[in-house]
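Chemist:
Residue numbers (my numbering), protein chains in the order written: chain H, 1 to 479; chain P, 1 to 234.
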């Protein structure tokens, strides 16, 4: 067993700042209530402006302005951590939470699939960065040791149990989460590093400091069992992102949405599923939230494709006010084929065909993009129907008689001269009559169809209709 | 007489072919690479012109370099009237393409294509994609998306009348990238403006067929008007 632990020290900040691209805007998170609020965390740009932890909110706002100071959201941090655990499910099925700022992944079983420890570590850290989180990682054969290494910022993997003692030896005792009393006692004894603690006789250590210190060390070394509860992902994906300042332009919104979609892609990949429907809600101050539903023709999880669809839809979506918060909720999970696009040399043709139709429909509207289906009907205008592209069915046309490539809807009335229709001159009737009589139950009358030619050699499909007074109409053009 | 000239030049072509390897200097790599360039014109003999899609009309195939519609490029069809057979010209090729992979897209057509007629010509309706955007700007966007996607076999489009060279060039690049056939119908006045299309044909009505003129042909040259007869109506 090999464990990888992730420590996210700036989680309180990053749940907000990950929604923006520019990192040179200052941002501060406040902790506490009412008059006892103090600055809890600030980013680099805010530190450069002179904000320090423990400052009062009034001072911070004076330095930075109203919008860039927000209260801390512990419940948002919890749900962000849970979603990260869900996202990490694409690397291993064994994920545990280490609240408030840590995750544990059992990667022993994933090494073969992900090309080894170094590659996996790099990939996880890289993708976390892509989600907007900065984490330090530690790899060790026991979960506690991995967590200690992550907290101390030692990314080098420790692969063997017998290397653990030396790896943990020079870590400061502060990273063991001990009670203040125990920590004070250790400091009083002059112990600074874990290695020094381990050299002391164990019975004496347990008697002086209580069993907790010893047990923590033994768990880290692997001499005591250290079971961790497994994180079970929920049955639905729902994510919320608060923007550090209200955003109006679509590029800013797309950036934030992309973060959410990347997270969703990771979670779905871990489950081997895709979604066919998702809903975005934009929350504004003083207005009701705006909802944007998006539907897909076939289940997908690719963030890149979803972003391009959303970009088209957002262009035409009116927002009444700047957006402060974005919520993404996905529809039902559907199993997705395990083989994805770049496994073979070229993309799957059917999938790109559907993607194209989705993109066209996203921008032009579903009614402007369609295929055609044949209907077994005698009346020409009813012999076809629009249908979803590609789903035309297997019907065969009813008539061997000539049919024009363009059909006019509705048929155009033609003038006539001496019983012969006119359109830019007299028409010559070449073929016909073909009598089509149908729809008597709807009041339709018999029509005699002719193929006609006009003076400029255009071929037209005309008919004469009516029982007593017979009028001529142009129904189609043979192109 | 045109036909006679063609057969003569074809036979001369064959003689040239057999003589050509001997004429080339043996093993000079610089000249070899130069001769392999597709933009090098060597009279009628263009060894690297890709095989075009047969139009279905042998008389037209004979006049087109590549013996058919150019792949991955725009063919412009300039005509002023409808109903003279302009779509009929494309139908054999489109019907053949509809049995392969990829959409046959109709963008911005003046009327809706009539499915029973398409089916009667052997067109597989499962490949039909009709797109009719309401904005003219969206028409060009849709054409570019479709051509570039790689999932399009052919596009038949009616671009807005005032089409500049830059949008045309973008469409040309999109067709190359997506390896699709692009057929654009434009008014006759567009003949006066140069275009990056690989093939430009001027269509005019004629009794019993169509009168065609090759205005521009990549790898070939312009031809005077010739008559292409239909074999049967529709």
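The beta carbon of each residue, even a glycine, is placed where N, CA and C say it ideally should be.
Predicted model only: the values in this text are computed from it and were never measured.
Rounded C-beta distance between residue 448 (chain H) and residue 464 (chain H)? I'm assuming under 8 angstroms.
Modeler: 5 angstroms
Chemist: Starting from residue 16 (chain H), trace the alpha helix (DSSP H) both ways and give me its first and last residue.
Modeler: Per DSSP, residue 16 (chain H) is one residue of the alpha helix (DSSP H) stretching across 11-17.
Chemist: Can you tell me whether residue 182 (chain P) is helix, strand or coil according to DSSP?
Modeler: strand
Chemist: I'd like the list of long-range same chain contacts for residue 98 (chain P), defined as Cβ closer than 6 angstroms, with 5 residues on each side in sequence excluded.
Modeler: If we look at residue 98 (chain P) and ignore the five residues flanking it on each side, its Cβ neighbours are 104, 123, 124 and 127.
Chemist: Take the Cβ of residue 218 (chain P) as the centre, count every other Cβ of all protein chains shown within 10 Å, and call the residue buried at 16 or more, exposed below.
Modeler: buried
Chemist: Under 8 angstroms, do residue 478 (chain H) and residue 460 (chain H) count as touching if we go by C-beta distance?
Modeler: yes
Chemist: Taking only three categories from DSSP, how would you classify residue 107 (chain H)?
Modeler: coil
Chemist: Let me check one thing: in DSSP terms, what residues is residue 326 (chain H) bridge-paired to?
Modeler: H:241 and H:282
Chemist: When we look at the beta-carbon of residue 35 (chain H) and count the other beta-carbons within 10 Å, is it buried (16 or more) or exposed?
Modeler: exposed
Chemist: Would you tell me roughly how many angstroms separate the C-alpha atoms of residue 323 (chain H) and residue 209 (chain H), rounded to the nearest one?
Modeler: 53 angstroms
Chemist: Taking 8 angstroms as the CB-CB cut-off, is residue 158 (chain P) touching chain H?
Modeler: No, because no Cβ of chain H sits closer than 8 angstroms to the Cβ of residue 158 (chain P).
Chemist: May I ask you to report which of helix, strand or coil DSSP gives residue 210 (chain H)?
Modeler: Reduced to three states, the DSSP call for residue 210 (chain H) is coil.
Chemist: What is the rounded straight-line gap between the Cα of residue 206 (chain P) and the Cα of residue 175 (chain P)?
Modeler: Looking at the backbone, the Cα of residue 206 (chain P) and that of residue 175 (chain P) are separated by about 31 angstroms.
Chemist: Measure how close the beta-carbons of residue 18 (chain H) and residue 132 (chain H) come, nearest whole angstrom, since I'm counting them as under 8 angstroms.
Modeler: 2 angstroms
Chemist: If I'm right that residue 184 (chain P) touches residue 74 (chain P) with Cβ under 8 angstroms, what's the distance once you round it to whole angstroms?
Modeler: The C-beta separation of residue 184 (chain P) from residue 74 (chain P) comes to about 6 angstroms, placing the pair in contact by the 8 angstroms criterion.
Chemist: Taking Cβ to Cβ, would you say residue 359 (chain H) is nearer than 8 angstroms to residue 138 (chain P)?
Modeler: no
Chemist: Quick test of your reading: residue 196 (chain P) and residue 158 (chain P), contact by CB under 8 angstroms. State the CB separation rounded to the nearest angstrom.
Modeler: At roughly 18 angstroms, the Cβ-Cβ gap does not stay under 8 angstroms, so residue 196 (chain P) and residue 158 (chain P) are not in contact.
Chemist: For residue 482 (chain H), which residues from the same chain have a beta carbon less than 6 angstroms from its beta carbon, with the 5 sequence-adjacent residues on both sides left out?
Modeler: Because chain H here runs from 1 to 479, residue 482 (chain H) falls outside it and cannot be looked at.
Chemist: Residue 227 (chain P) touches chain H at which residues, Cβ-Cβ below 9 angstroms?
Modeler: Near residue 227 (chain P) there are no residues of chain H at all, since even the closest Cβ is about 12 angstroms away, more than 9 angstroms.
Chemist: For the pair the stretch 218-230 of chain H and the stretch 126-143 of chain H, tell me if three or more CB-CB distances fall below 8 angstroms.
Modeler: yes
Chemist: Just checking my contact of residue 422 (chain H) with residue 414 (chain H) at CB under 8 angstroms: how many whole Å lie between their CB atoms?
Modeler: Separation of the CB atoms of residue 422 (chain H) and residue 414 (chain H) is rounded to 6 angstroms, and the pair is thereby assigned contact status at 8 angstroms.
Chemist: Counting only C-beta atoms, is residue 82 (chain P) closer than 8 angstroms to chain H at any point?
Modeler: Chain H contact via Cβ: present.
Chemist: Under 8 angstroms, do residue 241 (chain P) and residue 182 (chain P) count as touching if we go by C-beta distance?
Modeler: Residue 241 (chain P) is absent from the structure shown; chain P starts at 1 and stops at 234.
Chemist: Enumerate in chain order the residues of its own chain whose CB-to-CB distance from residue 230 (chain P) is below 8 angstroms, with the five nearest sequence positions on each side excluded.
Modeler: 85, 88, 208, 209 and 210
Chemist: For the candidate residues H:372, H:258, H:84 and H:295, whose alpha-carbon lies nearest to that of residue 395 (chain H)?
Modeler: The residue with the shortest Cα to Cα distance from residue 395 (chain H) is H:372.
Chemist: For the stretch 111-123 of chain P, which residues have a beta carbon sitting closer than 9 angstroms to at least one beta carbon of chain H?
Modeler: Under the 9 angstroms Cβ criterion, the stretch 111-123 of chain P contributes 111, 112, 113, 114, 115, 116, 117, 118, 119, 120 and 121.
Chemist: With 8 angstroms as the C-beta to C-beta threshold (strictly closer), list the residues of the stretch 126-145 of chain P near chain H in chain order.
Modeler: 126, 127, 128, 129, 130, 131, 132, 133, 134, 138, 141, 142 and 145
Chemist: Which residues, in order along the stretch 59-89 of chain P, keep a beta-carbon less than 7 angstroms from a beta-carbon of chain H?
Modeler: 81, 82, 83, 84, 85, 86, 87 and 88
Chemist: With a cut-off of 8 angstroms, does the C-beta of residue 192 (chain P) fall near any C-beta of chain H?
Modeler: no
Chemist: Between the C-alpha atoms of residue 262 (chain H) and residue 300 (chain H), what's the straight-line distance to the nearest angstrom?
Modeler: 13 angstroms
Chemist: In terms of residues, what are the limits of the beta strand (DSSP E) holding residue 124 (chain H)?
Modeler: Taken as a continuous stretch (DSSP letters only), residue 124 (chain H) belongs to no beta strand (DSSP E), being part of the alpha helix (DSSP H) at 117-131.
Chemist: In chain H, which residues lie with their C-beta within 8 angstroms of the C-beta of residue 98 (chain P)?
Modeler: Neighbours of residue 98 (chain P) on chain H: none; closest Cβ ~11 angstroms, over 8 angstroms.
Chemist: To be precise: take each residue of the stretch 191-210 of chain P, compare its Cβ to all Cβ atoms of chain H, and keep it if any distance is under 8 angstroms. Which residues remain?
Modeler: Within the stretch 191-210 of chain P, the residues whose Cβ lies closer than 8 angstroms to some Cβ of chain H are 205, 206 and 207, listed in chain order.
Chemist: Would DSSP call residue 385 (chain H) helix, strand or coil?
Modeler: DSSP places residue 385 (chain H) in strand when its eight states are reduced to three.
Chemist: Using beta-carbon positions only, say whether residue 331 (chain H) and residue 275 (chain H) come within less than 8 angstroms of one another.
Modeler: yes
Chemist: State the DSSP-derived secondary structure class of residue 226 (chain H), mapped to helix, strand or coil.
Modeler: coil
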